[in-house]
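Chemist: Just dropping this structure here.
Number of protein chains: 2
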Amino acid sequence: MTTTMHDGLSLEQVRELAAQLRVDSIRSSTAAGSGHPTSSLSAADLLAVLMSRHLRYDWDDPDTPGNDHLIFSKGHASPLLYSVFRAAGVVSEQELLEGYRRFGQRLEGHPTPVLPWVDVATGSLGQGLPDGVGIALAGAKLEKAPYRVWVLAGDSELAEGSMWEALATASHYGLTNLVTVVDVNRLGQRGETALGWDMDAYAARVEAFGAEAVVVDGHDVEAIDAALARADEDLERPLVILARTVKGKGIPGVEDEEDWHGKPMPEERAEEAIDALGGVRSLQVRGPRPPEVERRSASRGQVELPTFDVGEEIATRKAYGPALAALADVDPRVVALDGEVSNSTGVADFVQAHPERFFEMFIAEQQMVAAATGLAARGYIAYASSFAAFLSRAADFVRMAPVSRADLRLVGSHAGVEIGADGPSQMGLEDLAMMAATQGSTVLYPSDATSTAALVAAMADLHGVSYLRTTRGGYPVLYGPEEEFPVGGSKTLRRSSHDAVTLIGAGVTLHEALGAADALAEEGVQTRVIDAYSVKPIDAEGIRAAVAETGGRAVVAEDHHPEGGLGAAVLAALAAEPLADLHLEHLAVDGVPGSGTTAELLDWAGIDAAHIARAARAVLEG
Amino acid sequence: MTTTMHDGLSLEQVRELAAQLRVDSIRSSTAAGSGHPTSSLSAADLLAVLMSRHLRYDWDDPDTPGNDHLIFSKGHASPLLYSVFRAAGVVSEQELLEGYRRFGQRLEGHPTPVLPWVDVATGSLGQGLPDGVGIALAGAKLEKAPYRVWVLAGDSELAEGSMWEALATASHYGLTNLVTVVDVNRLGQRGETALGWDMDAYAARVEAFGAEAVVVDGHDVEAIDAALARADEDLERPLVILARTVKGKGIPGVEDEEDWHGKPMPEERAEEAIDALGGVRSLQVRGPRPPEVERRSASRGQVELPTFDVGEEIATRKAYGPALAALADVDPRVVALDGEVSNSTGVADFVQAHPERFFEMFIAEQQMVAAATGLAARGYIAYASSFAAFLSRAADFVRMAPVSRADLRLVGSHAGVEIGADGPSQMGLEDLAMMAATQGSTVLYPSDATSTAALVAAMADLHGVSYLRTTRGGYPVLYGPEEEFPVGGSKTLRRSSHDAVTLIGAGVTLHEALGAADALAEEGVQTRVIDAYSVKPIDAEGIRAAVAETGGRAVVAEDHHPEGGLGAAVLAALAAEPLADLHLEHLAVDGVPGSGTTAELLDWAGIDAAHIARAARAVLEG
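Here's what the structure looks like:
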């Protein structure tokens, strides 16, 4: 039987569909030999009602702008999601049975956007809802499109603070286009959740965070239908459907039992269960169609970046906002987010120029990066900023961005001991390592305002996660507006025909390297000085050539811990074609800093001009 | 005037004390030229009442076990905290005026435990309360001591999900010894918070998360006193005092004004303000004394680690729990936490053996690491585990651990593409980089059950953050129980007098390297095979010697992204004394993996035996 209904199935048909989703969840996971059938079965009735009667979706055109969005925040329920895709007719029975969790196939263990109906990757619990907030922001505030964002969440993941950041943000922005359906099946991986089936407690939390809570029996299709229909009414708050469900629902002996998390049914048991559920079905179901929404097209005009006078002292963070504002002037897709420190990160100038394209995320960095991920899924060019140190709060969200195939632009200010008196809690000293280890990332660390502005603009066209590190203090502008700063390049600021050693820096240490070069020049030692503004990819060829030309002698200094930053990138670059006579000194921040002036702390860390000069002399003495 | 009262000041005297705290907050920050006086002034009345009438603390013996604990979760209010310390007579006026935020001094920009009255470092907002939950857990569940944990939180930081993880955890564990005082001064750094002075909204959230909310005028000392006295009554839930306050309270023209965040008063303005507050005072105030509590002393007996038969196939993660249980058998300080995956991380065996020393943190990794930090502050030897991938959720808490001088033991399971079908969201591929870049950390990555057990035990005596990475699948035990695994060491598993190339692996890639060695041996090529179980510190000398002995030829393979992991550590080790003829191939995981079998994914990533052998041949061909 193939049933295609745009006005919705009857509830009796919905029950049949739910049985099919259950059977297919069991079949696919048993065939794969892994997966989470019981976590799928608890939500089968919810999805049967949602997909057939409420989700407004053109399955033949997943990119059509009026489509609703469906996010499985509980990504481990992928057997259910893929069974929905089969019921929609976009995934075949064969793919479901032979492709799920198999190498080279698109039905991965947890959903990712290699599937055209998936917006963001899930599987790290607590991320799908915050990501959905980003999509809902795009719909409500930017696209002004009537689509809804439906998020299926698990009860276990409500333990993640990020879920509450998401609800707080959704209510702050009045995102009535966001509907969260929580599958409260009581059981986590290793036993009961903290709240079990205490639906009142969940409802109180949801309401307190500014959303409308509707509690429903998650296996009563009529009640589910009524609850989801609430989304069609005039909402004043984001809607959260709290569905009391039974894990493993539909399989006698497995229902509500512990120790069945993440375990497929053995084949015989699966057959029994499928029989008990009425056997295999092949319903094909289409729900309501999306409203017509005009497709946007966007392009970028010629950017006129701000210019700075060479020698003027200005902090790189202060160049960020004006550069982003200039980019946004000519590209309507550019948006920005910040974690309640816009006057520190420098994005305040953008806020002034384009307030309608700025989203204040308050001090919720996880939600900030998730919102950027959601905005990226809608085609926006999103930049998110905070102190470099505090971007680490969102490390798991940054990690997931490449799995989501999301292009994110992150800007971390106040990097390193350079910040001075505020002390170590505010000093980003691990950020380069975290960002560089992110799959497919780009890491940029400019030393002056001109290069900052150029790199901010360059980030707009980069794929994957790109990260720009900025500095608190003001330093002289080094470059005129005509200079170019290709990603993967470097700049040579001092060069002579008889340079004895190469000094490599970025950010504040480049200025210190220039100071060291001056001091060494007074001693009659000429140095090559390289601005390694592109940490990943590093200018391997340029740096290798410079170091080779200076007899294998080099000093690299960075305002970062010794691991995973500029020094590591330089070492990796040099290792590709080892120099026989390499003598490299690596200066970095080791130990826990305290407060102090910038000069005191750069000295303490051993990365100031005096230490760089001393290291250069040591290298020269061999 | 020096007033020392153990039964509490009169409320009139408390008002004087509050004025002193305000004046000193202004003086210290103006003298330093930086700091957050306005964020201090809003909470001055709260602290005056708390320190004089409720905080049971022996200032002369900060380590006495009956002492209450005072945590400034809003660490930027350090001028207020240090003014409290002056009022308690443990910091001099001179230190306050000349030491605050100065290089080499202990009154840092944000409080750290270099001060004996500070338990944990704060300044990354949203961490002090979760840390406090750890201390409260220690008091209520382990020490069974009557002390209270008082946390001063800001309203802005309630945007951090970690604060709600903390309240959920506190209520789950019934931590009535935890009192959170929220300074609701309405203003964040760049403007109003999301909720402003909506005290009802805060109260609803707090109550919904299972705590008792008391709303109070934060400048009415009588009302504050009554609210704090609630802690002396029979509580059923953690207590949260929501204090409505005014930022900058006490300075006309600054009170409740934006743009005064994080700015010291200019000198002249400071003088006016101090005059208006009645001038400088020198009250010395002692509040109630702590109850007598017996000092614990703990030592460790002889550990009998579990043993494994060489050749037996067992996952390293399965060795973790039994080893930890054995350690706990002989050391009462050993405790464990897990993020609701104890049956996956292997800690379940510990839970079985020592249930009273295990804390289920549900899926709240930030709170898990924070609780471990708090437990460490109380002298416990805390191990916290989750999937390696999900420890990234707590990156900012790991970053802060060295600032807190906390010894943390973290165990991350399911590392790398080795996990197979679950897909990239569950694969820790960045964890080595994150952990290695942590100040003073140790990173361990054993390949078999024997070395895992030994390293779990070794971690108990390490300072700083130590991290153990475990593997999902079962692999042969390589070592007998007599072997030793010093941190910073390595093991040589294959060695002959004519080895042509060194193969370096850890975890699954060590087993693949052994397979490659076998294949190469069949071709007549002898190899040196090194188990680099200690990634940081790496066995630089041993690895350099091995590579030198094999003519500079080496292959290093890791189930991790190319940046910041084993390959980077090996490169850094080799760079210290460069080999003239180095030819090193680095195999790592690049690109976004999908699902598949372990074998398929190791092959896809190019880190299996076949690829290692191929790389070795390429190195040999030069």
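Protein chains in written order, with UniProt numbering: chain A, 1 to 622; chain B, 1 to 622.
For glycine and all other residues, C-beta sits at the position ideal for the given N, C-alpha and C.
Everything numeric in this text was worked out from a predicted model, so none of it was measured.
1. Taking the beta carbon of M1 (chain A) as the centre, do at least 16 other beta carbons fall within 10 Å, making it buried, or is it exposed?
2. Can you grab the Cα-Cα spacing for the pair S497 (chain B) / M435 (chain B), in whole Å?
3. Hey, could you find the ends of the alpha helix (DSSP H) L391 (chain B) is sitting in?
4. Taking 9 Å as the CB-CB limit, is V14 (chain B) close to chain A?
5. If I'm right that G183 (chain B) touches L228 (chain B) with Cβ under 8 Å, what's the distance once you round it to whole angstroms?
6. Excluding five sequence neighbours on each side, which residues of the same chain lie with their C-beta closer than 6 Å to the C-beta of L195 (chain B)?
7. Measuring only between beta-carbons, confirm whether M1 (chain A) sits less than 9 Å from chain B.
8. Between P562 (chain B) and chain A, is any beta-carbon pair separated by less than 9 Å?
9. Is any beta-carbon of chain B found at less than 9 Å from that of T438 (chain A)?
10. Would V411 (chain B) and V347 (chain B) qualify as a contact pair, given that the criterion is a beta-carbon distance under 9 Å?
11. Any beta-carbon of chain B closer than 9 Å to the one on V369 (chain A)?
12. Quick check on the DSSP output: the alpha helix (DSSP H) that includes S25 (chain A) runs from which residue to which?
13. My output table needs one value for A575 (chain A): the three-state DSSP class, helix, strand or coil.
14. Could I get the ranges of all uninterrupted beta strand (DSSP E) runs contained in the stretch 267-334 of chain A, with 3 residues as the minimum, in chain order?
15. How long is the line joining the alpha carbons of G154 (chain B) and G420 (chain B), rounded to whole angstroms?
16. Can you name the residues of chain A whose CB is closer than 8 Å to the CB of T122 (chain B)?
17. Is the Cβ of S344 (chain B) closer than 9 Å to any Cβ of chain A?
18. By Cβ distance below 6 Å, which residues in the same chain neighbour T438 (chain B) in space, the five residues on each side in sequence not counted?
19. Taking 9 Å as the CB-CB limit, is Q366 (chain B) close to chain A?
20. Could one say the Cβ of Q20 (chain A) lies closer than 9 Å to chain B's Cβ atoms, at least one of them?
21. Using a cut-off of 9 Å between C-beta atoms, extract the partners of D396 (chain A) located in chain B.
22. Hey, could you find the ends of the beta strand (DSSP E) S466 (chain A) is sitting in?
23. DSSP on H6 (chain B), reduced to helix/strand/coil?
24. Are the CB atoms of P37 (chain A) and G248 (chain A) nearer to each other than 9 Å?
25. Please report whether the beta-carbon of G542 (chain B) lies at a distance below 9 Å from any beta-carbon of chain A.
26. State the Cα-Cα distance for the pair A573 (chain A) and E585 (chain B), rounded to the nearest angstrom.
27. What does the alpha-carbon distance come out to for the pair Q352 (chain A) and A138 (chain A)?
28. Per the contact definition of three or more C-beta pairs closer than 8 Å, is the stretch 302-317 of chain A in contact with the stretch 472-481 of chain A?
29. Considering only the alpha carbon of each residue, which of B:S73, B:I135 and B:Q302 lies closest to D329 (chain B)?
30. Tell me, to the nearest whole angstrom, how far the beta carbon of A548 (chain B) is from that of L579 (chain B); I am working on the premise that it is less than 8 Å.
31. Between L429 (chain A) and chain B, is the shortest Cβ-Cβ distance under 9 Å, so that the two count as touching?
32. Using C-beta distances below 7 Å, list every residue in its chain close to E267 (chain A), excluding the 5 sequence neighbours before and after it, in chain order.
33. If the cut is a Cβ gap below 7 Å, which residues of chain E does P402 (chain B) touch?
34. May I have the straight-line CA-CA distance separating R230 (chain B) from G507 (chain A), to the nearest angstrom?
35. Using a Cβ-Cβ cutoff of 8 Å, what residues of the stretch 60-81 of chain A are near chain B? List them in chain order.
36. With C-beta atoms as the reference, is Y445 (chain B) less than 9 Å away from G489 (chain B)?
Modeler: So, from the data block:
1. For the purposes of this step, residue 1 (chain A) is taken as the residue at position 1 of the first sequence. Any reading at M1 (chain A) must be qualified, since the residue scores a pLDDT of 45, below 50, and its modelled position is unreliable; the value itself is stated next. A residue is called buried once 16 or more other Cβ atoms fall within 10 Å of its Cβ, and M1 (chain A), having fewer, is exposed.
2. Position 497 of the second sequence, counted from the first residue, corresponds to residue 497 (chain B). Position 435 of the second sequence, counted from the first residue, corresponds to residue 435 (chain B). Going from the Cα of S497 (chain B) to the Cα of M435 (chain B) covers about 36 Å.
3. One-based indexing of the second sequence puts residue 391 (chain B) at position 391. Per DSSP, L391 (chain B) belongs to the alpha helix (DSSP H) from A388 to L391.
4. Start at 1 with the first residue of the second sequence, and residue 14 (chain B) comes out as number 14. Judged by the 9 Å Cβ criterion, V14 (chain B) is not in contact with chain A.
5. Counting from one through the second sequence, the residue named residue 183 (chain B) turns up at place 183. Counting from one through the second sequence, the residue named residue 228 (chain B) turns up at place 228. According to the sequence displayed, residue 183 (chain B) carries Asp and not Gly. Going by Cβ atoms, the distance from D183 (chain B) to L228 (chain B) rounds to 14 Å, so no, they are not a contact pair.
6. Counting from 1 along the second sequence, the entry for residue 195 (chain B) is found at position 195. So the list reads A201, once near-sequence residues are dropped.
7. The residue given as residue 1 (chain A) occupies position 1 in the first sequence. Its pLDDT being 45, under 50, M1 (chain A) is placed unreliably by the model, and nothing is read from it.
8. Here the question's residue 562 (chain B) lines up with position 562 in the second sequence. Yes, because at least one Cβ of chain A sits closer than 9 Å to the Cβ of P562 (chain B).
9. By one-based count along the first sequence, residue 438 (chain A) stands at place 438. Interface residue (Cβ-Cβ distance to chain B less than 9 Å): T438 (chain A) is classified as such.
10. Within the second sequence, numbered from 1, the residue matching residue 411 (chain B) stands at position 411. Within the second sequence, numbered from 1, the residue matching residue 347 (chain B) stands at position 347. Closer than 9 Å, so yes.
11. Taking the first residue of the first sequence as 1, we reach residue 369 (chain A) at position 369. It does not: the Cβ of V369 (chain A) has no partner Cβ on chain B nearer than 9 Å.
12. The sequence position of residue 25 (chain A) within the first sequence is 25, counting from 1. According to the DSSP assignment, S25 (chain A) belongs to the alpha helix (DSSP H) that extends over L11 to A32.
13. In the first sequence, residue 575 (chain A) corresponds to position 575, counting from 1. Correct three-state label for A575 (chain A): helix.
14. Fully enclosed beta strand (DSSP E) runs of 3 or longer: not present.
15. Taking the second sequence and counting its residues from 1, the one referred to as residue 154 (chain B) is at position 154. Taking the second sequence and counting its residues from 1, the one referred to as residue 420 (chain B) is at position 420. Here the alpha carbons of G420 (chain B) and G154 (chain B) stand approximately 44 Å from one another.
16. Along the second sequence, read from residue 1 onward, the residue named residue 122 (chain B) stands at position 122. Taking a Cβ-Cβ threshold of 8 Å, the residues of chain A close to T122 (chain B) are S425, in chain order.
17. Taking the first residue of the second sequence as position 1, residue 344 (chain B) is located at position 344. With 9 Å as the cut-off, S344 (chain B) counts as an interface residue toward chain A.
18. Translated into positions along the second sequence, residue 438 (chain B) becomes position 438. So the list reads V398 and V465, once near-sequence residues are dropped.
19. To locate residue 366 (chain B), count along the second sequence from 1; it is residue 366. Judged by the 9 Å Cβ criterion, Q366 (chain B) is in contact with chain A.
20. Counting from 1 along the first sequence, the entry for residue 20 (chain A) is found at position 20. Closer than 9 Å: no.
21. Looking up residue 396 (chain A) in the first sequence gives position 396. Here the neighbours are E365, A389, F390, L391, S392, R393, A394 and A395.
22. The sequence position of residue 466 (chain A) within the first sequence is 466, counting from 1. Its beta strand (DSSP E) spans residues V465 to R469.
23. Mapped onto the second sequence, residue 6 (chain B) falls at position 6. In this prediction, H6 (chain B) has a pLDDT of 48, which is less than 50 and means its spatial position is unreliable; nothing more can be read from the coordinates.
24. Working through the first sequence from its first residue, we reach residue 37 (chain A) at position 37. Working through the first sequence from its first residue, we reach residue 248 (chain A) at position 248. For P37 (chain A) and G248 (chain A), yes; Cβs fall inside 9 Å.
25. As a working mapping, residue 542 (chain B) is identified with position 542 in the second sequence. Interface annotation, G542 (chain B): not in contact with chain A, CB-CB separation never under 9 Å.
26. The count along the first sequence starts at 1 and reaches residue 573 (chain A) at position 573. The count along the second sequence starts at 1 and reaches residue 585 (chain B) at position 585. One C-alpha to the other measures close to 13 Å.
27. Position 352 of the first sequence, counting from 1, holds the residue named residue 352 (chain A). Position 138 of the first sequence, counting from 1, holds the residue named residue 138 (chain A). Approximately 20 Å between the Cα atoms of the pair.
28. Taking a cut-off of 8 Å for Cβ pairs, the stretch 472-481 of chain A and the stretch 302-317 of chain A touch, as three or more such pairs fall below it.
29. Within the second sequence, the letter at position 329 stands for residue 329 (chain B). When C-alpha distances from D329 (chain B) are compared across B:S73, B:I135 and B:Q302, the shortest belongs to B:Q302.
30. If you number the second sequence from 1, residue 548 (chain B) lands on position 548. If you number the second sequence from 1, residue 579 (chain B) lands on position 579. The pair is a contact, with the Cβ atoms about 6 Å apart (cut-off 8 Å).
31. Taking the first residue of the first sequence as 1, we reach residue 429 (chain A) at position 429. Output row for L429 (chain A): interface = yes.
32. For the purposes of this step, residue 267 (chain A) is identified with residue 267 of the first sequence, where counting begins at 1. Around E267 (chain A): T30.
33. Looking at the structure shown, chain E is missing, and the protein chains on hand are A and B.
34. In the second sequence, residue 230 (chain B) corresponds to position 230, counting from 1. In the first sequence, residue 507 (chain A) corresponds to position 507, counting from 1. So the alpha carbons of these two residues sit roughly 52 Å apart.
35. Look at the stretch 60-81 of chain A: the residues with a C-beta under 8 Å from a C-beta of chain B are G75.
36. Within the second sequence, the letter at position 445 stands for residue 445 (chain B). Within the second sequence, the letter at position 489 stands for residue 489 (chain B). Their beta carbons are not under 9 Å apart, which means Y445 (chain B) does not touch G489 (chain B) by this criterion.
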